[in-house]
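2 protein chains.
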Amino acid sequence: MAIATQPQLTLDEFLKLPETEPASDFINGEIIQKPMPQGQHSLLRSKSCHVINQLTESQKIALAFPELRCTFGGASIVPDVSVFRWDRIPKTSSGRIANRFEIHPDWAIEILSPDQGLKKVLSKLLHCSRNSTELGWLINPEDESVLGIFPGGRVELYEGADKLPILDGIELELTVEQVFGWLSLT
Amino acid sequence: MAIATQPQLTLDEFLKLPETEPASDFINGEIIQKPMPQGQHSLLRSKSCHVINQLTESQKIALAFPELRCTFGGASIVPDVSVFRWDRIPKTSSGRIANRFEIHPDWAIEILSPDQGLKKVLSKLLHCSRNSTELGWLINPEDESVLGIFPGGRVELYEGADKLPILDGIELELTVEQVFGWLSLT
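The listed protein sequences correspond, in order, to chains A and B.
1 is the number of the first residue of the first sequence in this note's numbering; add one for each residue after it.
1001 is the number of the first residue of the second sequence in this note's numbering; add one for each residue after it.
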């Protein structure tokens, strides 16, 4: 529903710009640079990828990518983690992984940074949901909750001992407590 | 999905406690006191009630109540604004409005306060949605957005010139800009 009043650039024009650090999203006609990840954000991102890939990579079920640009549905976004089912990973004619991902992730994970507005992060996950992404996670380290985003833009809140929703076909069981437990380095 | 690990009180026990100021919600077995409303919050709440009631009260369509305790579905919550269709407003045998509302609102509005966690506010609106509330608004003054909550826990983000969803039967047209325009006292 978000409508930019005066889009400055087209998607094609945006894609020709040099990448920034941190990466920038182009959504609803606006360029929005992601916040610089801090400790908790960085650890949650790398742990999520690791936990998913150690279950899915050897069996060629899926792959989780940190900070991968995905261009689809008129936007170009860089979710904190993008998970693709194995057979949807774009490849070159020689069988290598492609550089440009012009498809939606099957599972997108965003981690809310301190002082980051909810709207920008949630609108990315709702863009994914509208474009066939099966599952979204919005991880909020501040209140130790995870908002699950399902097809049709349905949401559900998870906290504490709640079991998190997982992309169909991945045999992973995780509670919210376990996810935030990754942050304790004891 | 929120599960309190060690509920301290039952709903009945909570309801026997004296009211606090600001009011407290009892949800998922936890008592959570609402933040003290500040200027923007207070104005958005009173303006929402006023704008709805001036369209619905004389024609006996609905009534919007600020800070009304609603007890239903195993929780007792005080939305910032609760809108009830006229024929659902509980009455005493003499036709007066009842003091206790033991039903869900038809439309619930929450306004996020600075530093208030999203989880607590959203979990109230999702509790409403699970218990037949037709429409929820989560107004976020910080990023000037409104999250609409629909049956089945479906959400949609509104901003700028987007037309806001309104409870069926109320002839109101409002954009997000208009709502946040209430805050400009020029």
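Glycine residues also receive a C-beta, built at the ideal position from the N, C-alpha and C atoms.
Quick caveat: nothing in here was measured; it's all calculated off a predicted structure.
- When the alpha-carbon of Q1033(B) is set against those of A1023(B), I1170(B), L1157(B), H1041(B), the nearest one is in A1023(B).
- A Cβ of chain A is located within less than 8 Å of the beta carbon of N1140(B).
- Taken through DSSP and simplified to helix, strand or coil, I52(A) comes out as helix.
- Per DSSP, S24(A) is one residue of the beta strand (DSSP E) stretching across 24-27.
- Beyond the five residues adjoining it in sequence on each side, D80(A) comes within less than 6 Å, by CB distance, of R45, I109, E110, I111 in the same chain, given in chain order.
- Within chain A, G152, G153, R154 have C-beta atoms less than 7 Å from the C-beta of R1154(B), given in sequence order.
- Shown here for G1153(B): same chain residues with a beta carbon closer than 6 Å to its own, the five before and five after excluded, namely L1126, S1129 in chain order.
- A check of alpha carbon separations from G29(A) across G136(A), E57(A), I97(A), Q8(A) identifies Q8(A) as the nearest.
- Assignment of W1137(B) by DSSP, reduced to helix, strand and coil, places it in the strand class.
- The DSSP-derived three-state label of L1147(B) is strand.
- Counting the other CB atoms within 10 Å of its CB gives T1056(B) a total of 16 or more, which places it among the buried residues.
- Against chain A, the beta carbon of S1145(B) has neighbours under 7 Å at K119, listed in chain order.
- When rounded, the separation of the alpha-carbon atoms in D1115(B) and Y1158(B) is 21 Å.
- Rounded to the nearest angstrom, the gap between the Cα atoms of N1099(B) and T1092(B) is 9 Å.
- For R154(A), the secondary structure class from DSSP, reduced to helix, strand or coil, is strand.
- The Cβ of S1132(B) sits no closer than 8 Å to any Cβ of chain A.
- Under the Cβ distance rule, S184(A) does not count among the residues neighbouring chain B, no pair being separated by less than 8 Å.
- Contact of E1021(B) with chain A is not assigned, every C-beta pair being separated by 8 Å or more.
- The straight-line gap separating the alpha-carbon atoms of D162(A) and T175(A) is approximately 5 Å.
- For V1078(B), no alpha helix (DSSP H) segment is defined, and its DSSP state is neither H nor E.
- At a cut-off of 8 Å between C-beta atoms, S24(A) does not count as an interface residue with respect to chain B.
- For F1065(B), there is no enclosing alpha helix (DSSP H); the residue is found in the beta strand (DSSP E) stretching over 1062-1066.
- Nearest CB-CB separation between E159(A) and chain B: below the 8 Å threshold.
- DSSP places Q33(A) in no alpha helix (DSSP H) but in the uninterrupted beta strand (DSSP E) bounded by 30-33.
- Burial check for S123(A): the Cβ neighbour count within 10 Å reaches 16 or more, so the residue is buried.
- Neighbours of L1122(B) across chain A, judged by C-beta separation under 9 Å: S145, L147, V155, L157.
- Contact annotation: P90(A) and I103(A) have beta-carbon atoms nearer than 8 Å.
- Listed as beta-bridge partners of C70(A) by DSSP are I77(A), F101(A).
- As the crow flies, the alpha-carbon of D168(A) is around 17 Å from that of N131(A).
- The beta-carbon distance between L135(A) and P165(A), rounded to whole angstroms, is 6 Å. This is short enough to meet the 8 Å contact definition.
- Chain A places a beta carbon closer than 8 Å to that of L1126(B), counting this residue as a contact.
- DSSP, read as helix, strand or coil, puts E1110(B) in strand.
- According to the DSSP secondary-structure assignment, T1175(B) is paired through a beta bridge with K1163(B).
- R1088(B) sits in a helix when the DSSP states are folded into three classes.
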